[in-house]
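Asks: Here it is, the structure, as structure tokens.
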Amino acid sequence: MSNRAKLFIPGFFFVSMLGLLLFGLFRDPNLLPSALVNRPLPEFSRPDLFDETAVITSDMLKGGVFLVNVWATWCPPCHVEHPYLVEISEREPDITFVGVNYKDDPKLAREFLDERGNPFKHSLVDADGHLGIDLGIAGAPETFLVDATGTIRYRHVGVIDNKIWDEVFEPILEQIK
Amino acid sequence: MKNFHVACLLLLLALVVRPAVAAIEELEFSSPEQEERYLNLIDEMRCPKCLNANLSGSDAPIAADLRAEIHAQITAGNSDDEIIEFMTARYGDFIMYRPPLNIGTALLWFGPLVLLLAGFVVIRRMLAASSSSASTSENLSAEERKHLDQLLAETPLATTPLTKTKDQP
């Protein structure tokens, strides 16, 4: 290597470091890689929110695309998200919406869904939050897209609205279907 | 005025006490060794909600749930490795404050060492280059030396007036 070329080495390091730091600066530090993406949906068996003698199991959620939404009435962002979920569930009849009522009062949850519309075909009760831990959630709302083979394909942390649905969920659904 | 002082004191106390309170839960262990393992694990694991707090220092509901989970698993007789596997299967390596050594984290673990060694190599080469360039005047061929002498004989005349003009106001 000629001496002239050597002079560019510190500059090269500087620029690549700068690039790395800039990249880090514009990344959302709250976006965590999910350990469960491309892994099977954990097995579970939980009471039905509307009929607590009935049980919903993970085996019932097979063969088709599922959207599993973890929510609670105590979670303000879930209130924001709810009307969008109702609207999207009407627009997307091919996707089965499943609600996981997370560490909530079932009575309040039933009232909430009766009053504001129920986007979920199945609603299950996760009273102690263990299903939440199995799903690796950090809070509510969180949403999982499950494909026909029962594999989790995407995890969304936070509120879903029309924009996020169109920009984030639609492209993934294209791949899954 | 006295009330004000008491209020200030309480406020100060609240600030001091709060972080410690996060991890205090009434838990029962069958041995002090189990309790130590529990305290160690909740220190080593990160709260998935707050990112920059460990499970022991976090007030988030999920951190409380995970502490309860760790406690339940310890009292059920699970080993530390089993608990760590349980957690990383759900939350990824991210939940460990100390990232495990694998291909993805090798750069993180060894990157600084490699840079340090590279720095030493560069400094050594720079020192070697400067010492060898200092000795080059002794490695001249007869013809080069003659040329150098000639140049040296010319330059004092050229440089002296230059420095002089510089000193003039």
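The listed protein sequences correspond, in order, to chains A and B.
Number 160 in our numbering belongs to position 162 of the first sequence; there are no gaps in the numbering.
Number 246 in our numbering belongs to position 91 of the second sequence; there are no gaps in the numbering.
In this text, a Cβ means the ideal position worked out from N, Cα and C, and glycines have one as well.
Could you give the first and the last residue of the continuous beta strand (DSSP E) run that contains Gly97 of chain A?
Replies: That run of the beta strand (DSSP E) goes 93 to 100.
Asks: Determine contact between the stretch 56 to 70 of chain A and the stretch 131 to 150 of chain A, defined as no fewer than three beta-carbon pairs at a distance below 8 Å.
Replies: In short, these stretches touch, since the Cβ pair count reaches three.
Asks: For His226 of chain B, is the classification buried or exposed, using 16 other Cβ atoms within 10 angstroms of its Cβ as the cut-off for buried?
Replies: So His226 of chain B ends up on the buried side.
Asks: So if DSSP puts Trp69 of chain A in a beta bridge, which residue, or which two residues, is it bridged to?
Replies: Looking at the DSSP assignment, Trp69 of chain A forms a beta bridge with A:Asn99.
Asks: For the beta strand (DSSP E) containing Asp214 of chain B, name the first residue and the last one.
Replies: Element bounds for Asp214 of chain B: n/a, residue is neither H nor E.
Asks: What are the boundary residues of the alpha helix (DSSP H) that Tyr82 of chain A is part of?
Replies: Counting along the chain, the alpha helix (DSSP H) containing Tyr82 of chain A begins and ends at 74 to 89.
Asks: Under 8 Å by Cβ, that's how I've got Phe95 of chain A and Leu65 of chain A pegged, so tell me the actual separation to the nearest angstrom.
Replies: Right, their Cβ atoms sit about 5 Å apart.
Asks: Can you give the Cα-Cα distance for Pro117 of chain A and Gly266 of chain B, rounded to whole angstroms?
Replies: Taking the straight line from one Cα to the other gives about 49 Å.
Asks: Could you list the residues in the stretch 108 to 140 of chain A with a C-beta less than 9 Å from some C-beta on chain B, going in chain order?
Replies: Here the close residues are Asp126, Gly127, His128, Gly130, Ile131, Asp132, Leu133, Gly134, Ile135, Ala136, Gly137.
Asks: Helix or strand or just coil, what does DSSP make of Tyr193 of chain B?
Replies: Correct three-state label for Tyr193 of chain B: helix.
Asks: Please list, in chain order, all residues of the same chain as Leu34 of chain A whose beta carbon is under 6 Å from its beta carbon, the five residues on each side excluded.
Replies: Only Gly134, Ile150 meet the Cβ criterion.
Asks: By DSSP, does Asp145 of chain A sit in helix, in strand, or in coil?
Replies: Three-state DSSP puts Asp145 of chain A in coil, outside helix and strand.
Asks: Residues of chain A with CB under 7 Å from Glu224 of chain B, in chain order?
Replies: Within 7 Å Cβ-Cβ: Ile131.
Asks: Output the distance between the C-alpha atoms of Glu50 of chain A and Lys105 of chain A, rounded to the nearest integer angstrom.
Replies: For Glu50 of chain A and Lys105 of chain A, the distance between alpha carbons rounds to 11 Å.
Asks: Would you say Thr243 of chain B faces chain A, with C-beta separation under 9 Å as the test?
Replies: Yes, its Cβ sits closer than 9 Å to a Cβ of chain A.
Asks: Contact check, Ala70 of chain A vs Ala138 of chain A under 8 Å by CB: the rounded distance?
Replies: About 5 Å separates the two Cβ atoms, so the contact holds.
Asks: What are the residues that DSSP puts in a beta bridge with Arg153 of chain A?
Replies: Its beta-bridge partners are A:Phe142.
Asks: Per DSSP, what are the beta-bridge partners of Asp46 of chain A in this structure?
Replies: DSSP, once it has assigned bridges, lists A:Leu122 as partnering Asp46 of chain A.
Asks: Given the structure, does Gly247 of chain B come close to the ligand SAH, in the sense that its CB is under 8 Å from one of the ligand's heavy atoms?
Replies: For the structure depicted, the ligand SAH is absent and the ligand set is empty, with no information on it obtainable.
Asks: Give me whichever residues DSSP pairs with Thr55 of chain A in a beta bridge.
Replies: For Thr55 of chain A, which the question treats as bridged, DSSP gives the partners A:Ser43.
Asks: Could you check the C-alpha separation between Val84 of chain A and Val78 of chain A for me, to the nearest Å?
Replies: Going from the Cα of Val84 of chain A to the Cα of Val78 of chain A covers about 11 Å.
Asks: Which chain B residues sit within Cβ distance under 7 Å of Ser0 of chain A?
Replies: The premise fails here: Ser0 of chain A is roughly 14 Å from chain B at the closest Cβ pair, so nothing lies under 7 Å.
Asks: For Val53 of chain A versus Pro45 of chain A, is the C-beta distance shorter than 9 Å?
Replies: Yes. Within cutoff.
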